[in-house]
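J.: What follows is a structure written as structure tokens; I'll ask about it next.
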Ligand SMILES: Cc1cc2nc3c(=O)[nH]c(=O)nc-3n(C[C@H](O)[C@H](O)[C@H](O)COP(=O)(O)OP(=O)(O)OC[C@H]3O[C@@H](n4cnc5c(N)ncnc54)[C@H](O)[C@@H]3O)c2cc1C
């Protein structure tokens, strides 16, 4: 959306393609406390405001999933599930999606007790006990949010501590209805129609069954860049390789945000990339003589 903002303010015609819902990952964050100018803001509010800003500037928007891109005679053909759009320049900002545990019955029980977005599905379990697997910022944010309306949150981590911000760790440790269990590894989910329990393994190899009807898995994100593999180099982890100028090996194709190789994946850095990618895309368009 930041790339759109910069390109629109450069008087370019911009089409935004989104496969699911506006806002990406941040719309799933209950509380953002590290975006400049906003002491506390919900991720959904932040992304709604970004969208409003580009709508007012006249962005074209379609809810379509990009399946592939090719460049023929200087024009990009962007194939989606419904159309083929043509563009002189493209900014890929496809972010990342939740990492799955890859354990038995995870796929089968997806949406039936196994969830990845606590903001979307947590309210179904208000007043109940829930389980959360994860040890970094997303998991800590989810734990605090769920503790606000669930009876108890069982927070399970793989190692013996947390990796998130100190202030979040302190808040989680101080919350009475968050029960923390370190050094446990989920090995399978149990249940036929709905999640009934999770099998965990302890550090000493012993296993135990933890009864629960809902688990939120927050163990990080993975990129999903297959659609662009012909146009840009992809590293071993699946991220699009680019310089800090957000350029790729294909002239006119730029990348921004969590989908690209970078050190820090946050809203502030995604926004920065969007500004850089779009500015360079505009320079490219000006150079080839496109208004
Ligand atoms: C629970 C949670 C809490 C977080 N909290 C914070 C925080 O407090 N502060 C902070 O700075 N960061 C936080 N982050 C990280 C932050 O959300 C990301 O760094 C940021 O959203 C990255 O933005 P992005 O635009 O690069 O990618 P994304 O937000 O992942 O957006 C990419 C968008 O592209 C769409 N898309 C993907 N593939 C296609 C396709 N083929 N066709 C069409 N559309 C496609 C996706 O649907 C998505 O909407 C949090 C993340 C999570 C999950």
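Residue numbers (the working numbering): 11 to 301.
Note that the Cβ used here is the ideal one computed from N, Cα and C, for glycine as well.
Nothing here was measured: the structure is a model prediction, and the numbers come from that model.
Mind checking who residue 233 pairs with in its DSSP beta bridge?
T.: In the chain shown, the residue the question calls residue 233 occupies position 223. According to DSSP, residue 233 bridges with 106.
J.: Please tell me whether, using a cut-off of 6 Å, the distance from the CB of residue 288 to the nearest non-hydrogen atom of ligand 1 is below it.
T.: Translated into the one-based positions of the chain shown, residue 288 becomes position 278. Outside the cutoff, so no.
J.: For residue 134, is the classification buried or exposed, using 16 other Cβ atoms within 10 angstroms of its Cβ as the cut-off for buried?
T.: Within the chain shown, the letter at position 124 stands for residue 134. The residue is exposed, with fewer than 16 neighbouring Cβ atoms inside 10 Å.
J.: Residue 189 by DSSP, collapsed to three states: which one?
T.: Within the chain shown, the letter at position 179 stands for residue 189. In this structure, residue 189 counts as strand in the three-state DSSP scheme.
J.: Entirely within the segment 42-67 and at least 4 residues each: give me those alpha helix (DSSP H) ranges in chain order.
T.: Listed in chain order, they are 53-66.
J.: Cutting at 6 Å between CB atoms, please list the residues of its own chain near residue 144, excluding the five before and the five after it.
T.: Residue mapping note: residue 144 aligns to position 134 of the chain shown, counting from 1. The residues are 228, 229.
J.: Counting Cβ pairs, one atom from each stretch, are 3 or more of them under 8 Å apart for the segment 118-136 and the segment 87-100?
T.: They do not touch, by the three-pair rule.
J.: Report all residues from its chain with a CB closer than 6 Å to the CB of residue 80; omit the five preceding and five following residues, and keep chain order.
T.: Here the question's residue 80 lines up with position 70 in the chain shown. The answer, listed in chain order, is 87.
J.: Using the Cβ count rule (16 or more neighbours within 10 Å means buried), how would you classify residue 61?
T.: Translated into positions along the chain shown, residue 61 becomes position 51. Buried, because 16 or more other Cβ atoms sit within 10 Å of the Cβ of residue 61.
J.: Output the boundary residues of the beta strand (DSSP E) element that contains residue 155.
T.: Taking the chain shown and counting its residues from 1, one reaches residue 155 at position 145. Careful: residue 155 lies outside any beta strand (DSSP E), inside the alpha helix (DSSP H) at 147-157.
J.: Less than 6 Å separating the Cβ of residue 9 from some heavy atom of ligand 1?
T.: The first residue shown for the chain is 11 and the last is 301, placing residue 9 beyond what the model contains.
J.: Can you have a look at residue 35 and say buried or exposed, based on whether 16 or more other CB atoms are within 10 angstroms of its CB?
T.: Translated into the one-based positions of the chain shown, residue 35 becomes position 25. Residue 35 is buried by the Cβ-count criterion.
J.: If you check the beta carbons only, do residue 165 and residue 190 fall under 7 Å apart?
T.: Counted from its first residue, the chain shown places residue 165 at position 155. Counted from its first residue, the chain shown places residue 190 at position 180. Cβ atoms of residue 165 and residue 190: closer than 7 Å.
J.: Between the segment 287-295 and the segment 250-265, are three or more C-beta pairs nearer than 8 Å?
T.: The segment 287-295 is in contact with the segment 250-265.
J.: Using the C-alpha atoms, what's the distance from residue 248 back to residue 212?
T.: As a first step, residue 212 is located in the chain shown; it is residue number 202 there, counting from the start. As a first step, residue 248 is located in the chain shown; it is residue number 238 there, counting from the start. Answer to the nearest angstrom: the Cα atoms are 31 Å apart.
J.: According to DSSP, simplified to helix, strand and coil, what is residue 90?
T.: As a first step, residue 90 must be located in the chain shown, where it is residue number 80. It is a strand residue.
J.: Nearest CA to the CA of residue 293: which residue from 224, 281, 279, 257?
T.: One-based indexing of the chain shown puts residue 293 at position 283. Nearest of 224, 281, 279, 257 to residue 293, Cα basis: 257.
J.: May I ask which residues mark the beginning and end of the beta strand (DSSP E) holding residue 195?
T.: Translated into the one-based positions of the chain shown, residue 195 becomes position 185. That run of the beta strand (DSSP E) goes 194-200.
J.: Do you know offhand how far residue 57's Cα is from residue 38's?
T.: Looking up residue 57 in the chain shown gives position 47. Looking up residue 38 in the chain shown gives position 28. Answer to the nearest angstrom: the Cα atoms are 10 Å apart.
J.: Which residue marks the beginning of the alpha helix (DSSP H) containing residue 177, and which one marks its end?
T.: As a working note, residue 177 is residue 167 in the chain shown. Unbroken alpha helix (DSSP H) run through residue 177: 176-184.
J.: Cα-Cα, which of 204, 138, 42, 63 is closest to residue 116?
T.: Stepping through the chain shown from its first residue, residue 116 is reached at position 106. The shortest C-alpha separation from residue 116 is found at 204.
J.: Work out the CA separation of residue 106 and residue 233 for me, nearest whole Å.
T.: Numbered from 1 along the chain shown, position 223 holds the residue referred to as residue 233. Numbered from 1 along the chain shown, position 96 holds the residue referred to as residue 106. Roughly 4 Å separates the two Cα atoms.
J.: Would you check if the distance between the CB atom of residue 216 and the CB atom of residue 113 is smaller than 7 Å?
T.: The residue given as residue 216 occupies position 206 in the chain shown. The residue given as residue 113 occupies position 103 in the chain shown. No, Cβ-Cβ distance for residue 216 and residue 113 is not below 7 Å.
J.: Compute the minimum distance between the beta carbon of residue 148 and the heavy atoms of ligand 1, and state whether it is under 6 Å.
T.: Position 138 of the chain shown, counted from the first residue, corresponds to residue 148. Yes, the beta carbon of residue 148 sits closer than 6 Å to at least one heavy atom of ligand 1.
J.: Can you tell me whether DSSP reads residue 264 as helix, strand or coil?
T.: Indexing the chain shown from 1 puts residue 264 at position 254. In this structure, residue 264 counts as strand in the three-state DSSP scheme.
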